[in-house]
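In this note's numbering, the protein residues as written are -3 to 163. The C-beta atom is built at its ideal place from N, Cα and C for all residues, glycine as well. Computed from a prediction, not measured in an experiment: that's the story for all the values here.
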């Protein structure tokens, strides 16, 4: 539940700062990128500190070297979190983190169905809903970037469209 709370609180705080006059934070995609970066920093660090043994136990036995997989996915989460903070790399990071969420979901299912993890957020419907929120957030960042890029390309290709794109 902590990752969901982190995503919601940081995104909301950044949006509130934007509404309070911090111009740079007025954009919802920027606030969402900040929330995702905080969330993936939290989850990435947990691959090394605090929850490492539990995460290793979540890896299905069919996969080799669970400790290496947990290390690699932790590094990818931290790298993706850093990439979200830079506009040029944010769409790539969002896409990569979305793919990582999909790839790691079977480990969540395995952990829940075998009883390797327990608690309120460890029911399959709750965990699936949280993963869907995380995936939707990464896709929102990516889709926003693609739409903005398409609008900018249209403005360059059609001089009359430039006026429609300007605020």
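Between residue 128 and residue 138, the alpha-carbon positions lie close to 15 Å from each other. By the CB criterion at 8 Å, residue 110 and residue 73 fall outside the cutoff.
As the crow flies, the alpha-carbon of residue 46 is around 44 Å from that of residue 147. Excluding its 5 nearest sequence neighbours in each direction, residue 63 has C-beta neighbours in its own chain below 6 Å: 52, listed in chain order. Excluding five sequence positions before and after residue 41, the CB atoms of its chain that fall closer than 8 Å to its own CB belong to 70 and 74, given in chain order. The three-state secondary structure of residue 24, taken from DSSP, is helix. Rounded to the nearest angstrom, the Cβ distance from residue 77 to residue 130 is 12 Å, too far for a contact under 8 Å. Per DSSP, reduced to three states, the secondary structure at residue 140 is helical.
Between the alpha carbons of residue 145 and residue 24 lies a gap of roughly 17 Å. Taking all protein chains shown into account, residue 28 has 16 or more neighbouring C-beta atoms within 10 Å of its C-beta and is therefore buried. Secondary structure at residue 82: coil, using DSSP grouped into helix, strand and coil.
Around the beta-carbon of residue 80, 16 or more other beta-carbon atoms lie within 10 Å, marking it buried. Assigned with DSSP and collapsed to three states, residue 16 falls in coil, not helix or strand. In this structure residue 30 is not in contact with residue 5, their Cβ atoms being roughly 11 Å apart against a cut-off of 8 Å.
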